[in-house]
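Reading through the structure tokens given below for one structure.
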Amino acid sequence: MKKSSVLLFALLGFNASAHADLNVFACEPEWAALSRELGGDKLHVSVATTALQDPHHVQARPSLITRLRKADLLICTGADLEIGWLPVLLRRAGNARVQPGQPGYLEAASAVPLRERPARLDRAQGDVHPQGNPHIQTDPHNIARVARVLSRRLMQLDGENSAYYEQRSARFMKRWKEALANWDRQGAALKGMPVVVQHNGWTYLLHWLGLERIATLEPKPGVPPSSADLTRVLALLKQTPARAVIRAAYQDGRPSAWLSERAEIPELVLPFTVGGDDQSGDLFQLYDRTLELLLSAAGS
Amino acid sequence: MKYRFSMLLLGSMICAPLGVRAETAQDIQQLKQQLADIQKNYQAQIKRLESRIEELENQQRQEQPAPAPVAEQSRPNAFNPAIALTLNARYQSFRHDRGDDIPGFSTAGEAGNGSQGFSLGESELNFQSNIDDLLFGNLTLSLADEDGSTSAELEEAWIQTLAMPGDLTLKAGRFFSAIAYMNERHSHTDDFADRPLPYRAMLNGRYLDDGLQLRWLAPTDTFLEFGGELLRGAQYPAGGSAHQGLGSWSLFAHAGGDVGLSNSWLAGLSYLSVDARERESGDEDNPDLFSGNSDLVIADLVWKWAPMGNPYRHNAVLQGGLFWRDESGRFKPSAVDWLPYDGRQFGWYAQMAYQFRPNWRIGIRGSGLYADDNGSRFDGTSLDTLGHDPWDVSLMVDWSHSEFSRLRLQYTHDEAQSLSDDRFILQYIVSLGAHGAHQF
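Chains A and B are the protein sequences, given in the same order. If you want the numbering used here, it's the position in the first sequence, counting the first as 1, plus 154. If you want the numbering used here, it's the position in the second sequence, counting the first as 1, plus 118.
Spelled out as structure tokens, the structure:
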């Protein structure tokens with residue numbers, strides 16, 4: 155009897171994991187990766203989505219409720235990106251530590267000035283975000299901004315280890331600054347490169363590198379392009395050619411493949427976040443890889 | 119900028135004494151001396167200010183990496199709850215209009231098929247918001263048109279704790295009971311235009327009541343939740359608010375998890391026990407009455423598939439449930455005297471909705487019922503099974519241009535009665551206002 159109940163507990167995973175000091179629930183892979191950089195082995199990081207999932211449309215799965223129940227810190231993009239699923243998780247998990255307003259609740263977008271705040275709020279405009287475009291992780295400068303806030307939050311939540319977090323944060327920021335300088339230098343070659351994007355998830359990337367957006371395949375944010383939309387973009391490209399069509403790894407590949415073939419420009423599947431392809435295993439590799447892909451298109 | 123400012127200052131210092139006539143060399147010398155003093159003094163002061171500015175700027179940079187502009191000033195309506203409106207309407211066409219009876223079951227008002235032709239469904243108005251850091255509140259008003267007059271029904275009005283210790287969540291007020299998967303959810307989130315037979319026959323579409331609900335989330339990696347409800351017992355399948363308004367209680371357990379990246383599931387096992395006092399069912403003006411115990415056990419399973427967890431292009435939702443009900447007490451069919459009654463019933467449903475391309479879904483569903491034969495005393499009453507086991511099968515296709523709109527066509531072959539029927543339903547469901555988050 156006793157043995158079987160022990161077995162049951164083991165099967166169900168009753169607190170089976172080795173004890174890290176803080177449980178972190180990250181909505182997106184980039185914030186999980188950043189938490190690992192800043193918290194090292196003091197954190198047990200769990201990520202709600204993968205790079206192959208559309209963070210707008212994630213189901214509030216039971217497994218996410220149990221993971222959020224244990225969390226000491228929730229880090230999500232915010233700016234309504236997770237509005238379709240996170241509120242349900244927060245209500246069902248009943249975890250006081252990670253409710254909005256608590257130190258355990260952190261929206262990365264709060265550390266970054268958001269672009270494309272809509273002047274007009276109307277669902278006829280598609281899936282618009284009232285606070286601005288939430289896809290901040292496409293610019294590595296924003297990662298530094300979020301890192302400052304996140305490391306301070308870790309120190310606040312886990313005061314015992316604050317020296318550790320401070321040291322890791324300083325080391326990360328130093329490495330990141332060097333990497334930023336390198337990326338900025340590499341990216342200078344891309345300035346003014348005309349591109350087509352599938353979803354307007356690249357606003358911060360375009361702005362960082364000074365790329366010129368010729369067209370967006372989605373007629374409105376979140377609305378899949380019809381063949382008429384694609385034909386219109388193709389006609390536009392005849393007059394104003396672009397060097398590449400960009401989409402995220404999680405997006406439907408057909409619209410950009412269609413355009414790539416007919417407009418005879420390369421289709422660039424950028425990782426969008428950590429884990430978006432095999433070469434994007436961490437935050438440093440993410441931007442190395444993004445720039446590598448963009449530069450290959452610029453050179454072709 | 120700072121240098122330009124200091125040059126300007128110095129310039130004005132120089133210009134001012136120029137206007138004065140210097141009469142002697144001594145005067146000039148003296149003025150030069152004064153000027154040099156002022157210059158020195160100001161330079162020191164400027165330097166001090168500059169370093170102070172730099173210091174403050176550094177401090178600010180550290181404190182606020184990039185302050186997001188706060189556009190909204192205080193407004194009296196800034197704390198309004200999130201308001202969402204759900205509208206739906208339908209066109210129905212029946213080959214035969216055989217009424218709403220399901221032989222062997224005495225059903226209540228919401229179990230029917232509705233009327234033919236155009237009709238407006240329930241228009242729902244939902245308000246929800248955090249009340250404070252401990253409580254969340256929700257209110258749903260349902261507006262329906264009944265025989266030409268509009269009736270407003272208070273569908274849900276509850277509060278729920280957000281941060282109770284011990285992984286507990288307490289809900290109080292009027293709410294949908296958590297005894298079955300669909301029961302907890304609003305019908306506008308369903309995959310079909312109507313509910314399967316066991317829901318209609320045994321729960322009047324959905325069971326909602328006034329009371330308390332307590333849930334406990336187990337500290338496991340697998341989702342495991344246990345809960346119970348204590349309810350007034352005023353609504354079908356209860357009725358009459360027995361035991362001074364504590365006529366109904368339930369226990370439920372939910373388990374769920376993921377299988378790989380693409381599959382996730384949720385299973386439930388529930389028990390509902392009600393003590394009904396003159397529960398009305400059947401014809402509204404001349405109802406059947408039931409007094410006694412009604413016990414219901416429900417087992418259900420939902421399985422969702424989305425390739426790599428990405429439901430945008432393709433996804434499928436499989437769902438099924440088994441219902442066992444045992445009712446014992448006294449039954450008074452309309453226009454007949456009270457009869458001793460002890461009967462058991464069984465129901466099942468299974469359905470699948472498959473999104474085969476973005477925005478488009480098809481679905482198939484079957485459901486059926488079985489009821490004990492209650493003997494010749496019940497001949498001619500609603501509990502007379504007529505030797506027939508009800509079943510139906512439905513096909514549907516729906517199209518959602520966005521998350522907020524859905525247009526659906528459903529066909530049902532209905533063998534609920536001993537004579538069959540075929541029904542077509544064309545329906546729209548739209549939601550306006552706040553973007554509600556979706557339950558699994």
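For each residue, glycine too, the CB sits at the ideal point set by N, CA and C.
Residues of chain A whose Cβ lies closer than 7 Å to the Cβ of B:Ser-388 do not exist; the shortest such Cβ separation is about 16 Å. Membership of A:Asn-336 in the alpha helix (DSSP H) is indicated by the continuous run 316 to 341. Between B:Ser-233 and A:Arg-277, the gap from beta carbon to beta carbon reaches 9 Å or more.
Contact check for B:Met-320 and B:Pro-283: beta-carbon distance about 36 Å, past the 8 Å limit, so the pair fails to qualify. Against chain A, a Cβ distance below 7 Å from B:Phe-558 picks out Gln-213, Ala-214, Arg-215, Pro-216.
Boundaries for A:Leu-311: no beta strand (DSSP E) harbours it, while the alpha helix (DSSP H) harbouring it runs 294 to 311, taken from the DSSP string.
Of the residues A:Asp-175, A:Lys-331, A:Pro-375, A:Pro-183, the one whose Cα lies closest to the Cα of A:Asp-226 is A:Asp-175. The DSSP-derived three-state label of A:Lys-392 is helix.
Between B:Trp-367 and B:Val-515, the alpha-carbon positions lie close to 38 Å from each other.
Rounded to the nearest whole angstrom, the C-alpha separation of B:Met-470 and A:Pro-294 is 43 Å. By the C-beta density criterion, A:Val-399 is buried, having at least 16 other C-beta atoms within 10 angstroms. Shortest Cα-Cα distance from A:Cys-181 to any of A:Leu-228, A:Arg-190, A:Asn-315, A:Asn-296 involves A:Leu-228. No Cβ-Cβ contact shorter than 9 Å links B:Glu-273 with B:Glu-302. Val-242, Leu-243, Leu-244, Arg-245, Arg-246, Ala-247, Gly-248, Asn-249, Ala-250, Arg-251, Gln-253, Pro-254, Gly-255, Gln-256, Ala-263, Ser-264, Ala-265, Val-266, Pro-267, Leu-268: these are the residues of the stretch 242 to 268 of chain A whose beta carbon lies less than 9 Å from some beta carbon of chain B, given in chain order. A:Gly-232 has its alpha-carbon roughly 26 Å from the corresponding atom of B:Val-548.
Contact between the stretch 340 to 357 of chain B and the stretch 309 to 328 of chain B is present: 3 or more CB-CB pairs across the two stretches fall below 8 Å.
If you draw a 10 Å sphere on the C-beta of A:Ala-214, you find 16 or more other C-beta atoms in it, and that means buried. In terms of CA proximity to A:Gln-405, A:Pro-378 leads the group A:Ala-342, A:Ala-262, A:Ser-189, A:Pro-378.
Residues of chain A with a Cβ closer than 8 Å to the Cβ of B:Ser-295 do not exist, since the nearest Cβ in that chain sits about 16 Å away. Within chain A, the residues Arg-245 have their CB atoms less than 8 Å from the CB of B:Gln-278, given in chain order. Residue contact with chain B for A:Arg-223: present (Cβ-Cβ distance below 9 Å to some residue of chain B).
Around the Cβ of A:Ala-396, a 10 Å sphere holds 16 or more other Cβ atoms; the residue is buried. Taken through DSSP and simplified to helix, strand or coil, B:Ile-220 comes out as strand. Taken through DSSP and simplified to helix, strand or coil, B:Asp-497 comes out as coil.
Annotation note: the stretch 222 to 255 of chain B contains the following uninterrupted beta strand (DSSP E) runs of length 3 or greater, listed N- to C-terminal: 235 to 238, 241 to 248. Contact between B:Leu-440 and B:Trp-423 fails: their C-beta atoms lie close to 22 Å from each other, not under 8 Å. Among the residues facing chain A, B:Thr-340 is included, as its CB has a counterpart in that chain under 9 Å away.
In the pairwise beta carbon analysis, the stretch 233 to 253 of chain A is classified as not touching the stretch 333 to 352 of chain A: fewer than three pairs are separated by under 8 Å.
Here the alpha carbons of B:Asn-198 and A:Val-282 stand approximately 21 Å from one another. The beta carbon of B:His-306 sits no closer than 9 Å to any beta carbon of chain A.
For A:Gln-433, no alpha helix (DSSP H) encloses it, and the DSSP letter there is neither H nor E. Listed along chain B are Ala-555, His-556, each with a C-beta nearer than 8 Å to that of A:Trp-239. Scanning its chain for C-beta atoms nearer than 7 Å, with the 5 sequence neighbours on each side dropped, one finds around A:Lys-374 the residues Gln-279, Gly-280, in chain order.
Under the 8 Å Cβ criterion, the stretch 413 to 422 of chain A does not count as touching the stretch 197 to 217 of chain A, having fewer than three qualifying pairs. With a cutoff of 9 Å on beta-carbon distance, B:Phe-245 and B:Asn-231 are scored as not near each other. Among the residues of chain A, those whose CB is under 8 Å from the CB of B:Arg-431 are Asp-406, following chain order.
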